[in-house]
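In the working numbering, the protein residues as written are 609 to 914.
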């Protein structure tokens, strides 16, 4: 089974003509299936560039039309623009569109209004759904790359829970954080409402539902004593705990993770943040693989499968 995908600028008269013919073919042919996507005129060029780059196509105009084989998957087959589609319809189905320019312009205007209304409705629905606010400290570390897909694909918090991720680190890691944000945005996780970077410690943990503390120290007892490492960890927690108390939600859950001192960090956060509910502070002394996912989900009383 195949579906013809029609995409174009919402106000494009050529898209309107192609859509009109596609609707006719779908209504009159048993196996002709159509999927239509409109884009805002201001977003069209970037969207088109991304689609063509992903599929290895060359196309510069609106609309762009391709066929997808639903049972095989993989890359679609590019048909082209309006002229190519009209030739295709004439050759295979012996029909064409007699839509006049004035009618094309009128439908294009209607399409734009419909598109704007749909976007507005979607935004209103999203505004009513408050995403879970997740803050990750020391977020420039490589473990964050493993953690973001785990949080954003619904495996931990469920397939219906949208999330906003806040990456926190010092100013020297600003570029690293920016790279992580861009990469996560490119992955386009459906449950990831937003992802942002933060380097101002005073603004940390605002409205946080979950705080994941990734700060770790690389133990080398030949360089300095264990007591000095513990002092480092203690200083970090003395900064974080009061900020969590001040800025996070009252039911915030704090997850201390890392290869070293995970349990100590959890204990110190309890000590320096006495108003944080002790039962909401947990330690995961392992890497964020399947065992960590299962442990985290269990301690948060959630299913690991969403």
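C-beta atoms are modelled at their ideal positions from N, C-alpha and C, and glycine is treated no differently.
- Query: What three-state label does DSSP hand residue 913 in the structure shown?
  - Reply: The residue given as residue 913 occupies position 305 in the chain shown. Here residue 913 scores only 44 on pLDDT, less than 50, and its place in the model should not be relied on; the value that follows carries that caveat. Coil at residue 913, not helix or strand.
- With DSSP as the reference, label residue 805 as helix, strand or coil. Numbered from its first residue, the chain shown carries residue 805 at position 197. DSSP places residue 805 in strand when its eight states are reduced to three.
- Beta-ladder partner(s) of residue 567, from DSSP: Because the chain in this structure spans residues 609 to 914, residue 567 falls outside the shown range and cannot be described.
- In the segment 819-901, which residue ranges form an unbroken alpha helix (DSSP H) of at least 4 residues, counting only runs that do not cross its ends? 834-855, 870-880
- Query: Beta-carbon separation of residue 889 and residue 851 under 9 Å?
  - Reply: Mapped onto the chain shown, residue 889 falls at position 281. Mapped onto the chain shown, residue 851 falls at position 243. Not a contact, by the Cβ cut-off of 9 Å.
- Between the segment 863-883 and the segment 815-825, do at least 3 Cβ pairs fall closer than 8 Å? yes
- Counting along the chain, where does the beta strand (DSSP E) carrying residue 743 start and finish? As a working mapping, residue 743 is identified with position 135 in the chain shown. 740-744 is the extent of the beta strand (DSSP E) around residue 743.
- Task: Check whether the segment 795-814 touches the segment 760-767, taking contact to mean three or more Cβ pairs, one atom from each stretch, closer than 8 Å.
- Result: yes
- Item | Contact set for residue 694: own chain, Cβ-Cβ below 6 Å, skip 5 residues either direction | Counting from one through the chain shown, the residue named residue 694 turns up at place 86. Cβ neighbours of residue 694 beyond the five flanking positions: 704.
- Task: Please check the pair residue 777 and residue 804, which I expect to be a contact at CB under 8 Å, by giving their CB distance rounded to whole angstroms.
- Result: Residue numbering aside, residue 777 sits at position 169 when the chain shown is read from its first letter. Residue numbering aside, residue 804 sits at position 196 when the chain shown is read from its first letter. That belief does not hold up - the Cβ atoms of residue 777 and residue 804 are roughly 12 Å apart, past 8 Å.
- Query: Which ranges would you report for the alpha helix (DSSP H) in the segment 644-674 if only whole runs of at least 4 residues count?
  - Reply: 649-663
- Query: In three-state DSSP terms, what is residue 737?
  - Reply: If you number the chain shown from 1, residue 737 lands on position 129. Three-state result, residue 737: coil.
- Query: Under three-state DSSP, which class holds residue 756?
  - Reply: Numbered from 1 along the chain shown, position 148 holds the residue referred to as residue 756. Of the three classes helix, strand and coil, the one that applies to residue 756 here is helix, per DSSP.
- Task: Inspect the beta-carbon positions of residue 649 and residue 620 and report whether they are closer than 9 Å.
- Result: Taking the first residue of the chain shown as position 1, residue 649 is located at position 41. Taking the first residue of the chain shown as position 1, residue 620 is located at position 12. Cβ distance < 9 Å, so residue 649 and residue 620 count as in contact.
- Item | Proximal residues to residue 772 (C-beta, below 6 Å), its chain only, five neighbours per side dropped | Working through the chain shown from its first residue, we reach residue 772 at position 164. Once the five neighbours on either side are set aside, the close Cβ partners of residue 772 are 739, 741, 801, 802.
- Message: Can you give me the C-alpha to C-alpha distance between residue 871 and residue 759, rounded to a whole angstrom?
- Response: The count along the chain shown starts at 1 and reaches residue 871 at position 263. The count along the chain shown starts at 1 and reaches residue 759 at position 151. Cα to Cα, the separation comes out at about 22 Å.
- Item | Per-residue burial, residue 613 [other beta carbons within 10 Å of its own, 16 or more giving buried] | Start at 1 with the first residue of the chain shown, and residue 613 comes out as number 5. Classification for residue 613: buried.
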